[in-house]
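Asks:
Residue numbers (my numbering): 8 to 799.
#1: Please report the residue range of the beta strand (DSSP E) in which residue 500 lies.
#2: According to DSSP, residue 202 sits in a beta bridge with which residue or residues?
#3: Using DSSP with H/G/I as helix, E/B as strand and the rest coil, what is residue 696?
#4: Hey, which unbroken runs of the alpha helix (DSSP H) at 4 residues or more fall wholly within the stretch 52–125?
#5: Which residue spans inside the stretch 420–449 form an unbroken beta strand (DSSP E) run of at least 3?
#6: Alpha carbon to alpha carbon, what distance is there between residue 594 and residue 476?
#7: To the nearest angstrom, how far is it from the Cα of residue 717 to the Cα of residue 337?
#8: For residue 326 and residue 314, what's the separation of their Cα atoms in angstroms?
#9: At the level of alpha carbons, what is the spacing between residue 671 and residue 787?
#10: Which runs of the alpha helix (DSSP H) spanning at least 4 residues fall entirely within the stretch 161–208, listed in chain order?
#11: Decide yes or no for the touch test of the stretch 103–120 against the stretch 34–52: beta carbon pairs closer than 8 Å, at least 3 of them.
#12: Tell me the DSSP bridge mates of residue 786?
#13: Enumerate in chain order the residues of its own chain whose CB-to-CB distance from residue 138 is below 7 Å, with the five nearest sequence positions on each side excluded.
#14: In the DSSP output, what is residue 533 paired with across the bridge?
#15: According to DSSP, simplified to helix, strand and coil, what is residue 719?
#16: Does DSSP put residue 774 in a helix, in a strand, or in coil?
#17: I need the boundaries of the alpha helix (DSSP H) containing residue 227, first residue and last residue.
#18: What residues match up with residue 728 in a beta bridge as DSSP calls it?
#19: Applying the criterion that 16 or more other CB atoms from any shown protein chain within 10 Å of the CB defines a buried residue, is residue 295 buried or exposed?
#20: Count the other CB atoms, across all protein chains shown, that sit within 10 Å of the CB of residue 207; report buried if there are 16 or more and exposed otherwise.
#21: Have a look at residue 154 and residue 37 and give me their C-alpha separation to the nearest angstrom.
#22: Quick one: is residue 9 buried, meaning 16 or more other Cβ sit within 10 Å of its Cβ, or exposed?
#23: Have a look at 85, 411, 427, 172 and flag the residue whose alpha-carbon is nearest the alpha-carbon of residue 143.
#24: Which residue from 542, 646, 658 puts its Cα closest to that of residue 761?
#25: Assess contact between the stretch 425–445 and the stretch 319–334, defined as three or more Cβ pairs (one per stretch) separated by less than 8 Å. Is contact present?
#26: Using DSSP bridges, identify the partner residues of residue 410.
#27: Taking only runs of the alpha helix (DSSP H) that begin and end inside the stretch 280–316, which ones reach a length of at least 4 residues, in chain order?
#28: Rounded to whole angstroms, what is the Cα-Cα separation between residue 538 and residue 240?
#29: Check whether the stretch 727–742 touches the stretch 619–628, counting contact only when three or more Cβ pairs, one atom from each stretch, lie closer than 8 Å.
#30: Do residue 656 and residue 689 have their C-beta atoms within less than 7 Å of each other?
#31: According to DSSP, simplified to helix, strand and coil, what is residue 40?
#32: Mind checking whether residue 767 and residue 747 have CB atoms under 7 Å apart?
#33: Identify the continuous beta strand (DSSP E) that holds residue 142 and give its terminal residues.
#34: Out of curiosity, what's the CA-to-CA distance linking residue 242 and residue 791?
#35: Nearest-angstrom Cα distance between residue 736 and residue 728?
#36: Can you check DSSP and say which residues form a bridge with residue 325?
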């Protein structure tokens with residue numbers, strides 16, 4: 008691995024120092040927890056388990072008692088300094104000496120040497136320049152010396168160690184700096200440089216004593232990230248991922264034009280990607296799986312990270328990337344191609360034009376339907392041909408042609424043979440294998456497991472995050488593990504990533520071309536056909552910085568983790584929280600810079616689009632203009648194919664939108680907030696009997712709206728669905744179903760467009776039908792006053 012982290016500070020900062028003094032905790036020594044207070048929680052939990060304290064004492068209560076005891080011990084001590092035993096004597100929780108020993112034991116297990124500072128100490132030792140350590144701490148010098156030694160900072164790296172609990176004075180009151188100067192009378196204060204994280208004790212007081220000072224602390228961005236994550240996680244949420252501290256410190260001297268990209272890569276993407284990769288390795292090792300096969304294009308980033316972790320841990324495992332994609336597997340669906348299969352494919356790929364699918368299957372567009380070329384399933388829905396028949400049904404009937412079906416089946420068989428050949432060459436035909444993908448439904452690795460003989464037993468699917476659809480894989484006998492699945496909170500994060508995966512996917516895949524097929528080379532070997540990389544030169548530079556940031560975090564993860572013993576795995580919901588928070592409440596820079604990245608669908612549709620392009624901004628403009636109502640919930644209800652990242656688009660239009668009242672920002676999952684807002688509008692206008700126009704049957708917003716309307720006393724006279732094939736009975740959730748072609752019969756009822764993404768399409772259908780008979784409809788559309796019409 009190329010270690011993408013720089014020294015903790017430039018050596019030019021040390022150039023004029025004859026002696027260097029250095030803080031210990033949060034400078035030389037870091038912890039595997041994000042806050043020192045969390046050490047007390049662990050001590051309290053362990054004390055209960057060992058029977059040292061009352062069994063009813065929770066970790067939180069233990070922490071509060073421990074913190075209060077320290078305040079009282081300091082107040083009673085000379086100079087305000089006390090030691091660990093004195094704290095526990097004040098706490099009166101149990102045997103003071105035993106509890107002090109336990110805390111020291113826990114502290115030692117959580118401590119590690121800052122990998123950014125170790126090279127500095129080594130270089131100073133090589134040059135023969137002395138180092139003195141100063142610490143404001145309740146531990147004694149000998150106890151701290153043991154912690155330093157256990158972390159790999161040996162005695163030869165420093166000349167002396169002064170601790171406030173031993174000397175009755177501190178850096179904060181200037182006493183330890185006076186002690187340092189007294190001990191080194193031959194060194195002028197101006198030739199001493201102090202390094203530490205505390206702005207008062209390590210910077211202001213050092214300079215007050217005449218010393219030079221380096222404020223060794225991360226920039227303000229890390230604190231802002233923590234604040235945002237607490238906002239998403241709740242008031243009592245604890246910010247985890249402690250290794251972001253050294254990752255942030257590593258970026259102190261990044262060039263200003265590169266810093267934001269490296270920072271986002273290391274502090275936001277890094278935890279999600281690197282922690283997922285090492286979780287997969289550890290889970291495979293536990294299961295006895297010796298071969299991990301990450302799927303390209305993500306494997307370009309995943310594979311090196313896992314290989315480094317495997318080497319670090321000393322495991323006998325291999326990582327073999329597979330050139331597989333949704334586009335490469337698409338012909339497998341042609342085996343039983345007919346109108347129903349074609350409908351399913353076009354529904355799953357909303358950007359794909361019907362004629363593109365027909366051509367892929369081996370068919371030709373008939374001349375009489377050529378004018379429909381380039382249209383998607385959505386565009387065809389509700390469209391009537393001059394003959395009076397359905398345009399969509401006319402197109403789908405083409406897929407029932409026997410000649411086309413035979414050609415498609417042949418292409419499917421050819422692709423199946425090539426895929427099996429590629430898999431056999433890469434991962435063999437026996438032995439357990441992990442098929443590793445990003446998420447969220449696991450459809451691609453599942454297709455491989457079903458394709459390969461015995462694949463259900465042989466393959467184990469690993470996903471970073473998932474949505475409810477993954478349950479179908481388990482029901483099908485597939486073995487699936489999901490990194491972020493340990494709680495409802497983790498699954499909620501998966502849903503957010505599934506809604507807007509473009510930034511993560513682009514960062515991982517943007518520098519690699521997708522696999523579009525397979526062929527035999529001149530030597531007869533099956534090789535993948537790779538499409539050109541779609542990123543432009545400027546975007547490629549930014550993506551490279553994001554990936555460098557990910558590698559920076561991963562490198563520090565290895566540098567701060569023992570090669571043996573407990574690897575202290577980060578929970579999925581902890582690792583994904585920074586990214587989830589960034590997607591949900593982006594900063595202005597994130598919305599502008601990341602929203603300007605491109606993405607592709609990888610579903611057989613050529614071309615890319617910007618994440619927050621003009622169409623996306625237009626799609627959220629009405630929501631951004633709202634002065635009341637659930638703006639966030641409404642935005643999330645917009646169709647992902649049109650508005651990939653609504654929160655980013657909203658922030659681009661109004662950078663202050665997340666400073667509005669809380670009801671504007673409520674993150675209410677599903678369609679509930681939109682339906683409530685629609686029903687509230689109907690009641691306010693006095694429209695208590697309406698007809699419903701919706702899209703998607705049970706998978707759309709219709710069921711939630713029907714339930715909400717009934718609870719509020721709004722009568723629903725009729726229901727019509729743009730996707731009529733998804734509504735098979737005469738009643739939909741108890742509401743009479745009307746064909747979409749018979750909307751005029753519903754006049755003069757208000758026609759409520761129960762959709763955000765398809766509102767324009769439905770409004771156009773209504774207008775055309777009513778215009779054909781010389782009538783004016785009554786259309787109600789939430790957040791779209793431009794589409795509303797009143798019949799009077």
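Beta carbons are placed, not taken as given, at the ideal position from N, Cα and C, and that holds for glycine.
Replies: This is what the structure gives:
#1: Note, residue 500: premise wrong, no beta strand (DSSP E); alpha helix (DSSP H) at 495–506.
#2: 29, 221, per the DSSP bridge assignment.
#3: Reduced to three states, the DSSP call for residue 696 is strand.
#4: List check, alpha helix (DSSP H) in window: 66–83, 91–98, 103–117.
#5: Taken in chain order, the complete beta strand (DSSP E) segments of 3 or more residues contained in the stretch 420–449 are 440–443.
#6: The alpha-carbon atoms of residue 476 and residue 594 are separated by roughly 31 Å.
#7: Distance between the alpha carbons of residue 717 and residue 337 is about 43 Å.
#8: If you take the alpha carbons of residue 326 and residue 314, they lie about 7 Å apart.
#9: Residue placement at residue 671 cannot be trusted, given a pLDDT of 47 that sits under 50; what the coordinates show is reported in the next sentence. Straight-line measurement puts the Cα of residue 787 at about 22 Å from the Cα of residue 671.
#10: The alpha helix (DSSP H) runs lying completely inside the stretch 161–208 and spanning 4 residues or more are 171–174, 182–190, given in chain order.
#11: Counting Cβ pairs under 8 Å, three or more are found: they touch.
#12: Its beta-bridge partners are 758, 796.
#13: Within the same chain, Cβ atoms closer than 7 Å to the Cβ of residue 138 are found at 27, 29, 128, 131, 164, 165, 166, the five residues on either side in sequence being excluded.
#14: BP columns for residue 533 point to 527.
#15: Reduced to three states, the DSSP call for residue 719 is coil.
#16: Residue 774 falls in the helix class under three-state DSSP.
#17: For residue 227, the uninterrupted alpha helix (DSSP H) run begins and ends at 227–240, by DSSP.
#18: DSSP links residue 728 through a beta bridge to 701.
#19: Result: exposed.
#20: It is exposed - the Cβ of residue 207 has fewer than 16 other Cβ atoms within 10 Å.
#21: Computed Cα separation, rounded: 11 Å.
#22: Low confidence applies to residue 9: its pLDDT is 36, below 50, so where it sits in the model is not reliable, and the reading given next is rough at best. Exposed, by the Cβ-count rule.
#23: The residue with the shortest Cα to Cα distance from residue 143 is 172.
#24: Closest by alpha carbon: 646.
#25: Contact between the stretch 425–445 and the stretch 319–334 is established, with three or more Cβ pairs separated by less than 8 Å.
#26: DSSP lists no partner for residue 410.
#27: Within the stretch 280–316, no run of alpha helix (DSSP H) reaches 4 residues while sitting entirely inside it.
#28: Between the C-alpha atoms of residue 538 and residue 240 there is a straight-line separation of about 40 Å.
#29: No: the two stretches stay apart, fewer than three of their Cβ pairs being nearer than 8 Å.
#30: Remark: C-beta atoms of residue 656 and residue 689 do not approach each other more closely than 7 Å.
#31: In this structure, DSSP gives residue 40 a state outside helix and strand, which the three-state scheme calls coil.
#32: In this structure, the beta-carbon distance from residue 767 to residue 747 does not fall below 7 Å.
#33: From DSSP, the beta strand (DSSP E) with residue 142 extends over 138–142.
#34: Summary for residue 242: the model assigns pLDDT 46, below 50, so the residue's position carries little reliability; its value from the coordinates is reported in the next sentence. Cα-Cα distance, rounded: 35 Å.
#35: Cα to Cα, residue 736 sits roughly 12 Å from residue 728.
#36: Under the DSSP definition of a beta bridge, residue 325 partners with 298.
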